[in-house]
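Take any residue in the sequence shown, count from 1 to its spot, add 521: that is its number in our numbering.
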Amino acid sequence: MTKKSEIHGGACPHYDLNGVSCLQPTHDRETLDAMRLAFHRQGALSLKGVFPRDLIQRLKAAYFDEYAVIDKSTRSDVGDGDRYMCAVEIRTPFDHALLYDSPLLFPVLRSILHNQVIIQSFGIVSSMPGSRQQQTHMDHPDLFKELSGFNKVLPCYALTVAIPLIDLDEQTGTTAIWLESHRDPNLALGQESSNHYEGAILPYPQAGDCVLWDYRTFHSGTENKTSRERPLLYLTISRPWFDDTANFQKLKGRFPLILSQGFIDATEEKYLALFPRAKIVGDR
C-alpha cells in the first residue's frame with residue numbers, strides 16, 4: 522500500500538514510495554489517479570524511494586568511469602560552459618530493468634500519458650563544480666505557435682524524469698521548478714538572471730528518488746557550490762507521435778537514445794517497443 526502524498530503550499534507534490542514494491546493499475550488506481558491529477562495541475566511530481574541506492578551508486582560509478590572523462594567539446598553545452606549533456610548507451614549497468622520497467626515509476630508515467638508511452642531519450646546532464654544558475658527554460662518550444670494559448674490547454678505529451686546520482690542539498694544545488702508554469706508561463710518569466718528563484722520550488726531529492734516535470738514546465742539548474750560534479754540521469758518519456766527534434770539533431774550526430782546490440786538481443790520485444798527511434802550500436 523502506498524504512503525499518502527504530502528502536498529504543502531509552495532512544495533512539489535510528492536509521494537514517498539519507500540517500502541512499496543509496486544503500483545498496480547487496478548489495486549492502486551486511486552493513488553495513480555491522484556498522482557496524475559497532481560502532475561497535470563502542478564506540472565511536476567516528486568517520487569521518493571523509487572530506485573535502490575546501490576543501483577544509483579553503480580550508475581554514478583559508471584558515469585565517472587566512462588562519460589565524465591569524455592572531452593567536453595564532444596558533449597552538448599547546456600549552460601555557459603559549466604553544464605554538459607550526453608546520451609548514455611543502454612548497456613551494463615544502464616540497461617537495468619528498473620530504468621525502463623520500474624514497477625513504481627512506469628505505472629505513474631502510463632497514468633499521466635494515458636498508456637501512450639515511449640522512451641524518447643536517455644542520458645546524463647552534469648553541472649560542473651562552481652556552475653552558475655542555468656537560464657530558466659522549458660524543455661521544448663510551444664507546439665503550434667500560430668494558435669495562441671493552445672499549448673496551455675494541451676494534455677501532457679512529454680515529460681522529463683530526473684534521477685540524481687548523488688544526494689542533493691543546498692550546496693550541490695538542484696533544479697528549480699516553477700509549478701503551474703506549463704499553464705501560465707508568466708509565473709516563470711523574468712527569472713532568467715535572478716539567483717533568488719522567486720516563485721520556484723527547490724526540491725532536494727536523494728539518491729534513489731526522482732523528479733518528473735512536464736516538457737512545458739519552466740525550470741532552471743541552480744548553482745553548484747561544491748567541488749564535485751552534480752550528475753543527473755534523465756529520461757524523456759513521451760507519447761509515440763511526438764519526436765523531439767529541438768534538442769537532438771540526428772543529422773549532426775546528436776542521437777537522443779542509443780541501444781547496444783547486446784541489449785536488443787537479451788530484451789523481450791514488449792520492452793523494445795519502448796525504444797522505437799533508438800540508434801543501434803555494436804557491443805564494445
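Backbone N, C-alpha and C fix where the C-beta goes; we use that ideal spot for every residue, glycine too. Fair warning: this is a prediction, and the values are worked out from it, not measured in the lab.
In the structure shown, the three-state DSSP call for A608 is strand. Secondary structure within the stretch 695–745: the beta strand (DSSP E) runs of 3 or more consecutive residues, fully enclosed, are 696–698, 731–735 and 740–742 (chain order). Where P685 is concerned, there is no enclosing alpha helix (DSSP H), although the beta strand (DSSP E) around it starts and stops at A679 to P685. Bridge partners of T757 according to DSSP: S642 and T681. Within 10 angstroms of the beta-carbon of C543 lie fewer than 16 other beta-carbons, which makes it exposed. Relative to the Cα of S632, the nearest Cα in the group N768, D549 and R749 belongs to D549. In this structure, the beta-carbon distance from P676 to K569 does not fall below 9 Å. In this structure, the beta-carbon distance from L686 to I645 falls below 9 Å. For the pair L795 and V638, the CB atoms are nearer than the 9 Å cut-off.
Annotated three-state conformation of D622 is helix, per DSSP. Residue burial annotation: G540 is exposed, with fewer than 16 other C-beta atoms found within 10 angstroms of its C-beta. Here DSSP, grouped into helix, strand and coil, assigns P628 to helix. With 16 or more other Cβ atoms from the protein chains shown falling within 10 Å of its own Cβ, Y621 counts as buried.
Spatial neighbours of P662 in its own chain (CB-CB distance under 7 Å, excluding positions within 5 residues in sequence) are listed in chain order as A767.
For a cut-off of 8 Å, the C-beta gap from S623 to G742 is around 24 Å, too long to register as a contact.
The shortest C-alpha to C-alpha distance from M606 to any of L756, N636, L664 and I640 is the one to L756. The residue among Q692, T552, S702 and A565 with its C-alpha nearest the C-alpha of P628 is T552. The beta carbon of R704 sits closer than 6 Å to those of K673, all from its chain and outside the five residues before and after it, given in chain order. Rounded to whole angstroms, the separation of the alpha carbons of T613 and Q578 is 13 Å. In the DSSP assignment, D537 falls within the unbroken beta strand (DSSP E) covering H535 to D537.
Per DSSP, I785 is one residue of the alpha helix (DSSP H) stretching across Q782 to A787. DSSP places H548 in the coil class of the three-state scheme, outside both helix and strand.
Annotation: the continuous alpha helix (DSSP H) that includes A582 extends over R574 to A583. Remark: three or more beta-carbon pairs, one from each stretch, lie closer than 8 Å, so the stretch 694–703 and the stretch 734–741 are flagged as touching. DSSP places I591 outside both helix and strand once states are collapsed to three, so it counts as coil. As DSSP reads the structure, V674 sits in no beta bridge.
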